[in-house]
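Working notes for the structure below.
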DNA sequence: CCAACATAGGCAAACGTTTGCCTATTCCTG
DNA sequence: CAGGAATAGGCAAACGTTTGCCTATGTTGG
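Chains as they are written, first to last, in the numbering used here: chain A, 345 to 683; chain B, 345 to 683.
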């Protein structure tokens, strides 16, 4: 890697000193520079294609213009959408984004956090793993700005958090199924170890009719696990009229069970899920689902972090966003007389 | 942001000097350090939670341990999968990834490249926009390592490129449709201004029967444009038996046209697409498609870049990967007597 | 007993910026 | 015309690392 053009190179070419070049290029006011010299410097810089070394400026206490973001799954559109929205906001303010996938592995999360601090990022957005409270201790220790998105830091109180109403997701979905007359429901979920996520199931149960039966099954956070557990659930409860997927990643595998078993979705079996993966409403698919508006989540988190960076710290902030029920033909309305 | 712990802090606590601490922490050989002092330094470092400042080391010519990757669409799983695979490889070697979305906008691409150089990343992976050859000039000027993935740098010869056989994708798909007896085919494409991408259509045409008719339509690179153009194409060619989508992003919108028009996919109309978005094979969907194995693409690009970084430059390398036809019920086999 | 080597670690010069502190003109204004 | 303000720009000290160059003790073989 040849060698980068430095302030010194520019200064030499323009016949002045590095200090002056720095003043010119940063367009600092409170410093008198003749138009002529300014021109010479600017010309030299653009002729040499000078690009400042952000690492060196950050040594002097300037912002790195770098943000780190940790998500637990890159293959999950829910999270890539958060990143997408966040990136748009950050780029507009001249910040770059280091996007890291923790694969929901606490150890990996810890390592990534160390590396990001090592990069001296200006702030971190994180969807923590189950060990997030512990792992983010380091971030708080060094006083780095942080915004938590989606999942909480269990056991902690004072931090900035942008999230969806998980209980509400479960409740809204449950109420919809109830309205449509379903009272034998399979719930497919993930034992995340994160109470807030578990409240999706609670919401469903609280919204259901008193005489309804909810058959809960739990599996790993993957499409494959989703497929297997759904297959098992359907096998054991052929009488269930609906399946409620608490997590779109499991649903992605789970919904393929029905095709395999020759069950027509929306007729033989009703299906609803939390989240808005694109497969849910593309082609032949028209799944009822609970939209968490993750683009908004990402935007809000990014704006909050920028605010922290620019205005110093603020009161710990909690933003909870409502979800939106999107109806779909995957849920059958059971007629009164059938019940 | 309080103040980070520096080598100096560690040195003071351990009762030695920064130089020595640096030697200990980097575990340099060729330097004699007593076990006792080593322990003191290590203890001090871990007690103070010392994390090295990568920016400062990079000033001294060390690697930043930072890679930049530019993709044109974050919402396109084809690209996020490339990132996912690349990240796995890089992280294993201690590198962080700055992922940037150009939104297929050449100006944005240019700005991002400047910012990445400003961050002094150790290398860049890029899927260029139509103006990529121009915009990457800067990268080549400063001698930064670069691997191009998917699309080429039009007009340039000597660069490292990992890609799919685009012509082959078109050809394989066309041959499949021909086998199944289709000879009136709508092609939905994107006038990218990139010859290599346009060769998808050429492949389709070359694979089709001599008496086949291909009705080509072009639109912007978005689901919405895909929907509109597909609607128009079907309107104008109700006799077509199959639709070939050259780009999954357009297909995502386009496939919704059939539902709207009451056409049963795989019966009234056959559909095939290039790419493997998850919606294509989830739930009720079972679309024939051409898998470009983007995970492999990402892995190969990452490994090539790492190689360049570690072993200095190499001969410009070109890796072209075959695509794989995945059959699906979305394509009807037209019986002999119907033809 | 002394040269030669091994062991142990301090010192300071970079790396590329930013910025406070100077100095030296020129220009008013009373 | 003296002196303060405005204009213009050089100089050098940081920022946190890395590393080459020293010095100062042992330790050993001849």
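No residue lacks a Cβ here, since even glycine has one placed at the ideal position from N, Cα and C. Model, not experiment: these values are computed from the prediction.
As assigned by DSSP and simplified to three states, the class of residue i
{"i": "residue 414(B)", "result": "strand"}
{"i": "residue 500(A)", "result": "coil"}
{"i": "residue 319(A)", "result": "Chain A is shown from 345 up to 683; residue 319(A) falls before or after that span and cannot be answered."}
{"i": "residue 421(B)", "result": "helix"}
{"i": "residue 348(A)", "result": "coil"}
{"i": "residue 588(A)", "result": "strand"}
{"i": "residue 533(B)", "result": "strand"}
{"i": "residue 367(A)", "result": "helix"}
{"i": "residue 598(B)", "result": "helix"}
{"i": "residue 471(A)", "result": "coil"}
{"i": "residue 644(A)", "result": "helix"}
{"i": "residue 465(A)", "result": "coil"}
{"i": "residue 609(A)", "result": "strand"}
{"i": "residue 435(B)", "result": "helix"}
{"i": "residue 372(B)", "result": "coil"}
{"i": "residue 604(A)", "result": "helix"}
{"i": "residue 680(B)", "result": "helix"}
Residue range of the beta strand (DSSP E) that includes residue i
{"i": "residue 669(B)", "result": "668 to 670"}
{"i": "residue 444(B)", "result": "440 to 445"}
{"i": "residue 334(A)", "result": "Residue 334(A) lies beyond the range of chain A shown here (345 to 683); nothing can be said about it."}
{"i": "residue 634(A)", "result": "632 to 635"}
{"i": "residue 558(B)", "result": "557 to 562"}
{"i": "residue 491(B)", "result": "489 to 493"}
Selected residue, minimal CA-CA separation from residue i, among the options
{"i": "residue 567(B)", "options": "507(B), 621(B), 596(B), 436(B)", "result": "596(B)"}
{"i": "residue 455(A)", "options": "435(B), 678(B), 453(B)", "result": "435(B)"}
{"i": "residue 410(B)", "options": "465(B), 511(B), 429(B), 620(B)", "result": "465(B)"}
{"i": "residue 438(B)", "options": "438(A), 462(A), 527(A), 556(A)", "result": "462(A)"}
{"i": "residue 593(A)", "options": "625(A), 392(A), 570(A)", "result": "570(A)"}
{"i": "residue 497(A)", "options": "559(A), 682(A), 646(A), 541(A)", "result": "541(A)"}
{"i": "residue 488(B)", "options": "457(B), 599(B), 472(B), 514(B)", "result": "457(B)"}
{"i": "residue 646(A)", "options": "414(A), 529(A), 387(A)", "result": "414(A)"}
{"i": "residue 632(A)", "options": "641(A), 640(A), 621(A), 642(A)", "result": "621(A)"}
{"i": "residue 359(A)", "options": "387(A), 373(A), 374(A)", "result": "387(A)"}
{"i": "residue 369(B)", "options": "382(B), 545(B), 357(B)", "result": "382(B)"}
{"i": "residue 603(B)", "options": "617(B), 628(B), 619(B)", "result": "628(B)"}
{"i": "residue 521(A)", "options": "634(A), 432(A), 493(A)", "result": "634(A)"}
{"i": "residue 367(B)", "options": "526(B), 385(B), 380(B), 357(B)", "result": "385(B)"}
{"i": "residue 581(A)", "options": "532(A), 553(A), 565(A)", "result": "532(A)"}
{"i": "residue 668(B)", "options": "516(B), 630(B), 528(B), 544(B)", "result": "516(B)"}
{"i": "residue 353(B)", "options": "674(B), 392(B), 431(B), 432(B)", "result": "392(B)"}
{"i": "residue 499(B)", "options": "478(B), 681(B), 445(B), 510(B)", "result": "478(B)"}
{"i": "residue 565(A)", "options": "589(A), 380(A), 558(A), 543(A)", "result": "589(A)"}
Environment of residue i [buried if 16+ CB atoms lie within 10 Å]
{"i": "residue 504(B)", "result": "buried"}
{"i": "residue 614(B)", "result": "buried"}
{"i": "residue 394(A)", "result": "buried"}
{"i": "residue 396(A)", "result": "buried"}
{"i": "residue 398(A)", "result": "buried"}
{"i": "residue 406(A)", "result": "exposed"}
{"i": "residue 390(B)", "result": "exposed"}
{"i": "residue 550(A)", "result": "exposed"}
{"i": "residue 583(B)", "result": "exposed"}
{"i": "residue 664(B)", "result": "exposed"}
{"i": "residue 676(A)", "result": "buried"}
{"i": "residue 307(A)", "result": "Since the displayed chain A opens at 345 and closes at 683, residue 307(A) lies outside it and no answer follows."}
{"i": "residue 448(A)", "result": "buried"}
{"i": "residue 467(B)", "result": "buried"}
{"i": "residue 636(A)", "result": "buried"}
{"i": "residue 374(A)", "result": "exposed"}
Continuous alpha helix (DSSP H) stretch holding residue i: start and end
{"i": "residue 522(B)", "result": "510 to 523"}
{"i": "residue 617(B)", "result": "Segment 614 to 618 is the beta strand (DSSP E) holding residue 617(B); no alpha helix (DSSP H) there."}
{"i": "residue 481(B)", "result": "481 to 485"}
{"i": "residue 664(A)", "result": "Looking at the DSSP string, residue 664(A) is not in any alpha helix (DSSP H); the run it does join, the beta strand (DSSP E), is 662 to 665."}
{"i": "residue 572(B)", "result": "567 to 580"}
{"i": "residue 391(A)", "result": "379 to 392"}
{"i": "residue 547(A)", "result": "539 to 551"}
Presumed contact (8 Å Cβ cut-off) between residue i and residue j, rounded CB distance
{"i": "residue 342(B)", "j": "residue 524(B)", "result": "One cannot answer for residue 342(B) here, as it falls past the ends of chain B, which runs 345 to 683."}
{"i": "residue 476(B)", "j": "residue 514(B)", "result": "Actually they do not touch by this definition, with Cβ atoms about 22 Å apart."}
{"i": "residue 599(A)", "j": "residue 585(B)", "result": "Not quite, the Cβ-Cβ distance comes to about 29 Å (not below 8 Å), so this is no contact."}
{"i": "residue 687(A)", "j": "residue 355(A)", "result": "Since the first residue of chain A shown is 345 and the last is 683, residue 687(A) is not available in this structure."}
{"i": "residue 577(B)", "j": "residue 530(B)", "result": "5 Å"}
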